[in-house]
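Participant: These protein sequence lines map, in sequence, to chains E and H.
All the letters of the first sequence, read from the start, carry residue numbers 206 to 272 under our numbering.
All the letters of the second sequence, read from the start, carry residue numbers 2 to 407 under our numbering.
Glycine residues also receive a C-beta, built at the ideal position from the N, C-alpha and C atoms.
Quick one: the structure is below, and I'll ask about it shortly.
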Amino acid sequence: MVGSISVVGAGLAVIGAGIGIGQIGGHAMDAIARQPEASGKITTTMLIAAALVEGVALFGVVVALIK
Amino acid sequence: MTSKISTHKRFTSICFVIFALFFSLSFNLKASEPIESSGDEAVLSQGHATSHTEEDPNKPVDIASIAFEHILDSHSWHLFGDHEDAVSMPLPVILKTDNGIVTFMSSAFHHDTHGTHVAEINGQRFVNFKETIYLASDFPNEHGQYLNIQKDEKGEETITNVAPLDFSITKNATQLFLSALVLILLFTSVAKAYKKTGVTTAPKGKQSFLEPLIVFVRDDLAKGNIGEKGEKFTPYLLTVFFIILINNVLGLIPISANLTGNIAFTLVLSVFTLLLTVFNGNKNYWGHIFTPHAPKALWIILIPIEIIGVFTKPFALMIRLFANISAGHIIIISLVGLIFMFKSLLISPIAVGFALFIDVLEVLVAVLQAYIFTLLTALFIGSAVADHNEDGQHDSADEKLVGEHH
Numbered sequence: 206m207v208g209s210i211s212v213v214g215a216g217l218a219v220i221g222a223g224i225g226i227g228q229i230g231g232h233a234m235d236a237i238a239r240q241p242e243a244s245g246k247i248t249t250t251m252l253i254a255a256a257l258v259e260g261v262a263l264f265g266v267v268v269a270l271i272k
Numbered sequence: 002m003t004s005k006i007s008t009h010k011r012f013t014s015i016c017f018v019i020f021a022l023f024f025s026l027s028f029n030l031k032a033s034e035p036i037e038s039s040g041d042e043a044v045l046s047q048g049h050a051t052s053h054t055e056e057d058p059n060k061p062v063d064i065a066s067i068a069f070e071h072i073l074d075s076h077s078w079h080l081f082g083d084h085e086d087a088v089s090m091p092l093p094v095i096l097k098t099d100n101g102i103v104t105f106m107s108s109a110f111h112h113d114t115h116g117t118h119v120a121e122i123n124g125q126r127f128v129n130f131k132e133t134i135y136l137a138s139d140f141p142n143e144h145g146q147y148l149n150i151q152k153d154e155k156g157e158e159t160i161t162n163v164a165p166l167d168f169s170i171t172k173n174a175t176q177l178f179l180s181a182l183v184l185i186l187l188f189t190s191v192a193k194a195y196k197k198t199g200v201t202t203a204p205k206g207k208q209s210f211l212e213p214l215i216v217f218v219r220d221d222l223a224k225g226n227i228g229e230k231g232e233k234f235t236p237y238l239l240t241v242f243f244i245i246l247i248n249n250v251l252g253l254i255p256i257s258a259n260l261t262g263n264i265a266f267t268l269v270l271s272v273f274t275l276l277l278t279v280f281n282g283n284k285n286y287w288g289h290i291f292t293p294h295a296p297k298a299l300w301i302i303l304i305p306i307e308i309i310g311v312f313t314k315p316f317a318l319m320i321r322l323f324a325n326i327s328a329g330h331i332i333i334i335s336l337v338g339l340i341f342m343f344k345s346l347l348i349s350p351i352a353v354g355f356a357l358f359i360d361v362l363e364v365l366v367a368v369l370q371a372y373i374f375t376l377l378t379a380l381f382i383g384s385a386v387a388d389h390n391e392d393g394q395h396d397s398a399d400e401k402l403v404g405e406h407h
C-alpha cells in the first residue's frame with residue numbers, strides 16, 4: 206500500500222516540475238523573441254532556474270522511491 | 002583524407018561491437034526463459050533461493066528489480082547472462098575482518114548474490130547477500146542461505162550476521178579508475194601538444210574538441226560567475242566538469258557502470274563544493290549568514306535558515322546529479338523491459354524507438370548535468386568570494402568584469 210501511494214506522490218512532484226519548467230521555458234522564449242541579442246544570457250539563466258525547479262521535483266521522486 | 006576514412010572505419014567497428022553486445026544481451030535474456038519453464042523448475046528455483054523461489058513462466062517480469070540491479074554497484078562486472086550462466090568480470094574483494102585484511106576475487110562467490118554460496122578464504126567463510134558481504138553462518142537456513150535472518154512482527158527482515166568492513170574495488174570503483182585513466186591520457190597528450198607548438202597554431206585533433214570546452218568552462222563558468230578570482234578555481238571546475246561528463250557518457254554505454262548515478266560519488270563531489278565555499282568564504286559571505294541585512298528581531302529566524310542554506314545547496318547538487326542519471330537509466334531499462342512484460346515482439350518497435358529517443362535525450366542530459374553541476378559550483382564559490390559594498394552592491398570592478406562576459 207505504501208508503495209502504491211508513494212508512486213502517486215512521485216506523479217504529483219512531476220506535475221509541479223512540469224508546470225514550473227513549462228513556465229520557465231515559455232517565458233524564456235518570450236524574452237528571446239523580444240530581445241534576440243540577449244538570448245545567450247537568457248538561456249543560461251533559464252537553465253539555472255530549470256535546474257533548481259527540477260531539483261525540487263527530484264527530491265520528491267527520490268523520497269517517493271525510498272518510501 | 003586517409004585519416005578520415007580510418008576514423009570512419011573505427012566508428013563503424015565500434016557501432017558493430019555495440020550492436021553485437023545488444024544482440025547477445027537480448028539473446029541471453031530470451032534464452033533463459035524456456036529453461037525456467039521446463040520440468041526441473043523446482044530444482045532450479047531451489048538453487049536461486051528467496052527472491053527467485055516463485056519463478057514461473059506466467060508470472061510478470063519484475064522490471065523494477067532488474068532496473069535497480071542495473072543501477073546499483075556490484076562486486077563483479079556483469080557482462081551478460083543470468084544467474085549461474087552469467088558471464089562477468091571478477092573484481093577484487095578487500096575486506097577488513099577481525100583477523101586482518103582479506104583479499105580475494107569476486108569469482109569465489111560464483112555469481113551468487115542470495116547468500117547461498119560460501120566463499121572460504123584462509124579459514125574464513127563469506128557470503129554475498131544483495132552485494133553486501135557477510136560472515137557466513139555454520140549451517141544454511143530453510144532457503145539454503147548461510148545467513149541468520151530474523152523477521153520481526155512487521156515482517157521486516159534483519160540479518161544478524163557480521164558484515165566486515167568492505168573496501169572492495171567494486172564495479173563503480175573500477176569505472177572510476179578507467180575514466181580517470183582516460184582523462185589523464187587525453188589531457189596529458191593535449192597538454193603536450195600545447196607545450197610543443199604553443200598557442201600560435203590552430204588546434205589539431207583532440208585539441209580542437211577539448212579547447213572550446215576548456216575555454217568555455219574557464220571564461221563562462223569560472224570567470225563569469227566568480228569574477229577575477231575565477232582563475233584560481235578553474236582547475237577544480239575543469240576537473241569536476243570533465244569527470245562528470247565522461248562518466249555520464251560512459252554510463253550510457255550498455256554493460257558499463259552507472260557511476261554518476263551513485264549517491265556516494267555525487268556526495269563526494271558536493272562535499273568538495275561545500276568545503277570550497279566554506280573555506281573560501283570571505284567576511285561578506287559570513288556576514289550575510291550571521292548578521293543578515295534585516296531587523297534584529299528577524300535574526301532568530303534568518304540565521305538558522307541561512308545556516309541550513311549552506312548545507313542544502315550542495316545537498317541539492319548531490320541529489321540532482323544522482324537522481325537525473327539514475328532516472329534516465331531506469332527509464333531506458335523500463336522501456337526495453339516492456340518487451341518482456343508484454344511477452345510480444347510486436348511491442349518491440351515502440352519500445353526500442355522510445356528507448357532510442359530517451360537514450361539520445363540522455364546524451365543531452367549527460368552534457369547538461371555536467372554543465373549545471375559546474376555552473377552551480379562556480380555560482381556558490383562566486384557568492385562566497387564576491388566583494389560587496391556596505392549596501393550589498395557589487396564593486397564597480399566586479400560589475401565591469403561581469404559586463405565584459407555577457
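For a quick check, are the C-beta atoms of LEU253 of chain H and SER180 of chain H less than 8 Å apart?
Facilitator: Along the second sequence, read from residue 1 onward, the residue named residue 253 of chain H stands at position 252. Along the second sequence, read from residue 1 onward, the residue named residue 180 of chain H stands at position 179. For LEU253 of chain H and SER180 of chain H, no; Cβs fall outside 8 Å.
Participant: Helix, strand or coil: how does DSSP classify LEU30 of chain H here?
Facilitator: Counting from 1 along the second sequence, the entry for residue 30 of chain H is found at position 29. Because LEU30 of chain H sits at a pLDDT of 39, beneath the cut-off of 50, its placement in the model cannot be relied upon, and the following sentence gives the value as read from the coordinates. Correct three-state label for LEU30 of chain H: helix.
Participant: Go through its chain and collect everything with a Cβ distance to GLY101 of chain H's Cβ below 8 Å, but skip five positions before and after it.
Facilitator: If you number the second sequence from 1, residue 101 of chain H lands on position 100. None.
Participant: Can you find a C-beta in chain E that's less than 8 Å from the C-beta of LEU376 of chain H?
Facilitator: By one-based count along the second sequence, residue 376 of chain H stands at place 375. By this cut-off, LEU376 of chain H is an interface position.
Participant: Using a Cβ-Cβ distance under 8 Å, would ARG219 of chain H count as near chain B?
Facilitator: In the structure shown, chain B cannot be found, because the protein chains are E and H.
Participant: Where GLY329 of chain H and TRP287 of chain H are concerned, what is the direct C-alpha to C-alpha distance, given to the nearest angstrom?
Facilitator: The sequence position of residue 329 of chain H within the second sequence is 328, counting from 1. The sequence position of residue 287 of chain H within the second sequence is 286, counting from 1. Each residue's Cα considered, the two are about 38 Å apart.
Participant: Per DSSP, GLU121 of chain H is paired with what?
Facilitator: As a first step, residue 121 of chain H must be located in the second sequence, where it is residue number 120. H:ARG126, per the DSSP bridge assignment.
Participant: Note down the Cα distance separating PHE168 of chain H from LYS131 of chain H, rounded to an integer number of angstroms.
Facilitator: On the second sequence, residue 168 of chain H is found 167 positions in, with the first residue counted as 1. On the second sequence, residue 131 of chain H is found 130 positions in, with the first residue counted as 1. Going by the C-alpha atoms only, they are around 16 Å apart.
Participant: Jot down the residue ranges of each uninterrupted alpha helix (DSSP H) in the region 128-200 of chain H, minimum 4 residues, whole runs only, in chain order.
Facilitator: Entirely contained in the region 128-200 of chain H, the alpha helix (DSSP H) runs reaching 4 residues are, in chain order, 172-198.
Participant: Please state whether DSSP places HIS115 of chain H in a helix, a strand or coil.
Facilitator: The count along the second sequence starts at 1 and reaches residue 115 of chain H at position 114. The answer is strand: DSSP assigns HIS115 of chain H an E or B state.
Participant: Between the beta-carbon of ILE308 of chain H and the beta-carbon of ILE290 of chain H, is there less than 8 Å?
Facilitator: The sequence position of residue 308 of chain H within the second sequence is 307, counting from 1. The sequence position of residue 290 of chain H within the second sequence is 289, counting from 1. Their beta carbons are under 8 Å apart, which means ILE308 of chain H touches ILE290 of chain H by this criterion.
Participant: Please check the pair ILE332 of chain H and ILE359 of chain H, which I expect to be a contact at CB under 8 Å, by giving their CB distance rounded to whole angstroms.
Facilitator: Mapped onto the second sequence, residue 332 of chain H falls at position 331. Mapped onto the second sequence, residue 359 of chain H falls at position 358. Yes, ILE332 of chain H and ILE359 of chain H are in contact; Cβ-Cβ is about 5 Å, under 8 Å.
Participant: Between E:LEU257, E:ALA269 and E:HIS232, which has its C-alpha nearest ILE247 of chain E's C-alpha?
Facilitator: Along the first sequence, one-based indexing puts residue 247 of chain E at 42. When each option's Cα is compared against that of ILE247 of chain E, the closest is E:HIS232.
Participant: Mind checking the region 301-321 of chain H against chain E and listing, in chain order, the residues whose C-beta falls within less than 9 Å of any C-beta there?
Facilitator: Those residues of the region 301-321 of chain H that come within reach of chain E (Cβ to Cβ, closer than 9 Å) are ALA317, LEU318, ILE320 and ARG321.
Participant: With 8 Å as the threshold, decide whether the Cβ of ALA233 of chain E is near any Cβ in chain H.
Facilitator: For the purposes of this step, residue 233 of chain E is identified with residue 28 of the first sequence, where counting begins at 1. Not closer than 8 Å to any Cβ of chain H, the Cβ of ALA233 of chain E fails to qualify, so no.
Participant: What residue range is occupied by the uninterrupted alpha helix (DSSP H) comprising ILE351 of chain H?
Facilitator: The residue given as residue 351 of chain H occupies position 350 in the second sequence. That run of the alpha helix (DSSP H) goes 349-386.
Participant: Would you say LEU136 of chain H and ASN173 of chain H are within 8 Å of each other, going by their C-beta atoms?
Facilitator: One-based indexing of the second sequence puts residue 136 of chain H at position 135. One-based indexing of the second sequence puts residue 173 of chain H at position 172. No, these two residues do not count as a Cβ contact at 8 Å.
Participant: Could you check how far apart the C-beta atoms of GLY383 of chain H and GLY228 of chain H are, in whole angstroms? I think they sit under 8 Å.
Facilitator: For this step, residue 383 of chain H is matched to residue 382 along the second sequence. For this step, residue 228 of chain H is matched to residue 227 along the second sequence. Right, the Cβ-Cβ distance comes to about 7 Å (below 8 Å), so this counts as a contact.
Participant: Residues in its own chain within less than 8 Å of PHE242 of chain H by CB, not counting five upstream and five downstream?
Facilitator: Taking the second sequence and counting its residues from 1, the one referred to as residue 242 of chain H is at position 241. Within the same chain, PHE242 of chain H has close Cβ partners LEU214, VAL218, LEU222, ALA371, TYR372, PHE374 and THR375.
Participant: Quick one: what's got a C-beta closer than 8 Å to ALA164 of chain H's C-beta in the same chain, skipping five residues either side?
Facilitator: As a working note, residue 164 of chain H is residue 163 in the second sequence. The residues are THR133, ILE134, TYR135 and LEU136.
Participant: Give a yes or no on whether 8 Å exceeds the smallest Cβ distance from GLY221 of chain E to chain H.
Facilitator: What you label residue 221 of chain E is simply residue 16 of the first sequence in a count that begins at 1. So no, GLY221 of chain E is outside the interface.
Participant: Mind checking whether SER349 of chain H and ILE340 of chain H have CB atoms under 8 Å apart?
Facilitator: Stepping through the second sequence from its first residue, residue 349 of chain H is reached at position 348. Stepping through the second sequence from its first residue, residue 340 of chain H is reached at position 339. Yes, the Cβ-Cβ distance between SER349 of chain H and ILE340 of chain H is below 8 Å.
Participant: With hydrogens ignored, establish whether the beta-carbon of TYR286 of chain H is closer than 7 Å to any heavy atom of the ligand NAD.
Facilitator: What this structure holds is no ligand at all, so the ligand NAD is not there to describe.
Participant: Which first and last residues belong to the beta strand (DSSP E) in which LEU276 of chain H is found?
Facilitator: Against the second sequence, residue 276 of chain H aligns to sequence position 275. LEU276 of chain H -> not in any beta strand (DSSP E); alpha helix (DSSP H) instead, spanning 264-281.
Participant: Please confirm whether ASP265 of chain H has its beta-carbon closer than 8 Å to some beta-carbon of chain E.
Facilitator: Here residue 265 of chain H refers to the residue found at position 264 of the second sequence. According to the sequence provided, residue 265 of chain H is Ala. The question's Asp does not apply to it. No, ALA265 of chain H lies away from the interface with chain E (no Cβ there is under 8 Å from its Cβ).
Participant: Would you mind reading off the limits of the alpha helix (DSSP H) that contains PHE330 of chain H?
Facilitator: Here the question's residue 330 of chain H lines up with position 329 in the second sequence. Here the sequence assigns His to residue 330 of chain H, which means Phe is not the residue at that position. Counting along the chain, the alpha helix (DSSP H) containing HIS330 of chain H begins and ends at 300-343.
Participant: From which residue to which residue does the beta strand (DSSP E) around LYS205 of chain H run?
Facilitator: The residue labelled residue 205 of chain H in the question sits at position 204 within the second sequence. Where LYS205 of chain H is concerned, there is no enclosing beta strand (DSSP E), given that its DSSP letter is neither H nor E.
Participant: Starting from ILE245 of chain H, find everything on chain E with Cβ-Cβ shorter than 7 Å and list it in chain order.
Facilitator: Indexing the second sequence from 1 puts residue 245 of chain H at position 244. In chain order: nothing, as chain E lies at least about 14 Å away.
Participant: Between the Cα of LEU186 of chain H and the Cα atoms of H:THR171, H:VAL364, H:LEU166 and H:GLN208, which residue gives the shortest distance?
Facilitator: By 1-based counting over the second sequence, the position of residue 186 of chain H is 185. Minimum Cα distance to LEU186 of chain H is reached at H:GLN208.
Participant: Run the CB neighbour count on ASN226 of chain H, radius 10 Å, all protein chains shown included, and call it buried at 16 or more, exposed below.
Facilitator: Stepping through the second sequence from its first residue, residue 226 of chain H is reached at position 225. Label assigned to ASN226 of chain H: buried.
Participant: Against chain E, does GLN47 of chain H count as a neighbour if the rule is that its beta carbon must be under 8 Å from one of theirs?
Facilitator: On the second sequence, position 46 is the one that residue 47 of chain H refers to. Legend: pLDDT at GLN47 of chain H = 38, less than 50; position of this residue unreliable, no value from coordinates given.
Participant: Measuring only between beta-carbons, confirm whether ASN325 of chain H sits less than 8 Å from chain E.
Facilitator: In the second sequence, the residue the question calls residue 325 of chain H occupies position 324. Yes, contact with chain E.
Participant: Tell me, please, whether the CB atom of VAL266 of chain E is closer than 8 Å to any CB atom in chain H?
Facilitator: Position 61 of the first sequence holds residue 266 of chain E. At least one chain H Cβ lies under 8 Å of VAL266 of chain E.
Participant: Considering LEU238 of chain H, what are the terminal residues of the alpha helix (DSSP H) in which it resides?
Facilitator: Your numbering for residue 238 of chain H matches position 237 in the second sequence. Residues 231-253.
Participant: Cα separation between PHE231 of chain H and GLY265 of chain E?
Facilitator: Position 230 of the second sequence, counted from the first residue, corresponds to residue 231 of chain H. Position 60 of the first sequence, counted from the first residue, corresponds to residue 265 of chain E. What sits at residue 231 of chain H in the sequence shown is Gly, not Phe. So the two alpha carbons sit approximately 34 Å from each other.
Participant: If you drop the 5 nearest sequence neighbours on each side, which residues of the same chain put their C-beta closer than 8 Å to that of LEU260 of chain H?
Facilitator: For the purposes of this step, residue 260 of chain H is taken as the residue at position 259 of the second sequence. So the qualifying residues of the chain are ASN173, GLN176, LEU177, SER180, ASN248, LEU251, GLY252 and PHE266.
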